[in-house]
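One structure is given below, encoded as structure tokens.
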Amino acid sequence: MMRWKPVVGLVLLVAAVVGGVTLYIRYQIKTALEDAIAELSPFAEMQYASVSVTLGGNVHIRDIEIRPRMVNDPLHIEGIEVETPGLWFLLTGAKKLSDGELPEHLRATLRGLAFNLSGPMAETFDVVMAEAMRSNGAAPLSNCGDVRYVDFNTYQRLGYQSLVFDVSLGYRFEKGGGPLRVTTEWRMRDLGVATVNLEFVGASLNLRQVMGTQPFLRAFDVVYQDLSFIDRVKRYCTQASGMTVEQYIESEVNRNAAAYKAQLGFVPGPGLRQAHREFLTRPGEVRLQGTPSVELDMQTLRLFKPEDIVSMLNLRVSVNGKAVTDLSMISVPSTPTRAALPPTAGPASVTSEFRAVPTTDLAGHIGKTVRLHLTHGATREGRLVQVLDGMARVERRFPGGAMTLAISLREIERVEVLL
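Mapping of the sequence shown onto the working numbering: position 95 corresponds to residue 271, and the numbering continues sequentially without gaps.
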């Protein structure tokens, strides 16, 4: 029995130290929280039920209520959880963060943020949105009665009394200079769930180094899971428009080009329209995955056409687990702003034009402007810079730089070269 006394004593000592550290961290967190509440007090009153710290370094704040002073419309949050690398980080993390050093992983989760759809804040937002839409001349949503746009009142028409959010955001740096993985999840209870997973290369744990580097997106995975929203929309819109469910779905899928362009910014081709039909018929999961073929600066995407972006991202789409193989989009010709000037007499000149060449001869036109017609209906145009290992690389220039698109030779149906 005497032999076990030192062991028991050591265990009790460790337990006392850990317990003391945990209580100290909890006190520090409560103090910081009370300071934040005091700073917030001119604008809102905030209360919470409890704060706890686990041995794994997780912080829990439960049953939070925020009462804005300008409106009688309280916000309730079931809880906030912060996952950290451990107790040691909670003890020393503030100093490291002030020195610009990030932990290897971190995650924050907000659970049960309830927003009252019939409260003063929702009503104020709807009034502001209505004025903005009126000034923009917004047209009614297709096939949904008098609904012109989606606001909080629209959710009430669909049968929702409140919107309850669960939000999670976290990141993890792989050891040994590996990629940065960022994961977010947005859940609107009884409505839908969106999960976004991003993988970056070139990121750094040091904030000072981050300011001088440019991380690039290497891969992404975006998933939307419908919980009840689409079925509620179909039920309401069919009643409002006097159509059957089948008629409503077909009218949504077969919108005219102008309506698609106004809402989506592009006009989907047959494959994407069929995928849209599948999702409206059987609401479930939509998944977008991509592995950009080049080091991609996301800020430059707005400079490209939607059909080019599909190729640049190596985009893959599936609906309810079934791959969408046709991601083509329909080109809408722009209306000329003025009449073309009549040709003037002058000396004859030699003009360049696109001429068809055999696909097998593509490698002989390096450095020339090419137009590649792909099997799924898209067209890629630019300067041909390389044909190697079954891939053709075409350079597209834009203000401030250039982007190279990698295109599989197997996808090329027809080739034209500017000669």
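Backbone N, C-alpha and C define an ideal beta-carbon position, used for all residues, glycine too.
Buried versus exposed call for residue i [16 or more other C-beta atoms within 10 Å across all chains shown]
i	result
Ser226	exposed
Glu350	exposed
Leu266	buried
Arg573	exposed
Thr551	exposed
Ala499	exposed
Thr414	buried
Met579	buried
Glu422	exposed
Glu589	exposed
Pro218	exposed
Val591	buried
Ser274	exposed
Leu199	exposed
Phe301	exposed
Tyr203	exposed
Val409	buried
Leu393	buried
Leu595	exposed
Ala208	exposed
Glu375	buried
Ala212	exposed
Ala298	buried
Arg531	exposed
Val303	exposed
Ala568	buried
Member of the options whose CA lies at the smallest distance from the CA of residue i
i	options	result
Leu456	Ile425, Thr535 and Asn312	Ile425
Tyr412	Phe291, Phe480 and Val326	Val326
Leu339	Thr371, Arg586 and Leu293	Leu293
Leu503	Pro446, Leu538 and Met488	Pro446
Asp484	Thr501, Met505 and Asn496	Met505
Glu277	Leu289, Ala379 and Thr536	Ala379
Gly566	Leu585, Thr551, His236 and Gly354	Leu585
Gly353	Val377, Asn373 and Arg333	Val377
Val593	Pro534, Val563, Thr580 and Arg283	Pro534
Leu231	Trp264, Leu393 and Gly255	Trp264
Thr501	Val409, Glu587 and Val235	Glu587
Thr371	Arg348, Leu381, Arg365 and Ser344	Ser344
Ile406	Ala308, Gly368 and Asn312	Gly368
Ala554	Pro444, Ser528 and Phe530	Pro444
Arg348	Ile240, Ser427 and His281	His281
Pro391	Arg531, Asn382 and Val398	Asn382
Gly335	Ala308, Asp366, Asp322 and Pro250	Asp366
Met246	Gly262, Gly543, Thr330 and Glu221	Glu221
Tyr400	Val429, Arg531 and Gly497	Gly497
Gly262	Ile240, Pro244, Thr285 and Val235	Val235
Pro468	Glu215, Lys272 and Phe396	Phe396
Met305	Pro244, Ala433 and Phe328	Phe328
Pro244	Leu216, Lys481, Glu254 and Ala438	Leu216
Glu254	Phe291, Val323 and Ala270	Phe291
Beta-carbon proximity check, residue i vs residue j, cutoff 9 Å
i	j	result
Gly233	Thr260	yes
Leu548	Arg556	yes
His252	Ile242	yes
Arg310	Phe341	no
Pro296	Asn248	yes
Pro459	Asp402	yes
Ser404	Asn319	no
Glu571	Leu564	no
Val229	Ile256	no
Arg283	Val258	yes
Ser487	Ile583	yes
Gly540	Val561	no
Asn373	Val398	yes
Tyr224	Ile240	yes
DSSP bridge partner residues for residue i (one or two, in chain order)
i	result
Ala532	Glu592
Met567	Leu564 and Ser584
Asp249	Paired residue(s): none; Asp249 is not in a bridge.
Gln223	Glu241
Asn292	Ser338
Asn382	Glu277
Gln465	Asp397 and Arg492
Asn234	Glu259
Glu361	Ser344 and Thr371
Gly558	Val546
Met297	According to DSSP, which records beta bridges pairwise, Met297 is partnered with nothing at all.
Lys206	In DSSP, Lys206 forms no bridge with anything.
Closer than 8 Å: residue i CB and nearest the ligand GDP heavy atom
i	result
Ser344	In the structure shown, the ligand GDP is absent, as is every other ligand, since no ligand is present at all.
The segment 351-358 in contact with the segment 446-466 per 3-pair CB rule at 8 Å: The segment 351-358, when compared against the segment 446-466, does not touch it at the 8 Å Cβ threshold.
Three-pair Cβ contact test at 8 Å for the segment 459-466 versus the segment 483-492: Taking a contact to require three or more Cβ pairs closer than 8 Å, the segment 459-466 and the segment 483-492 qualify as touching.
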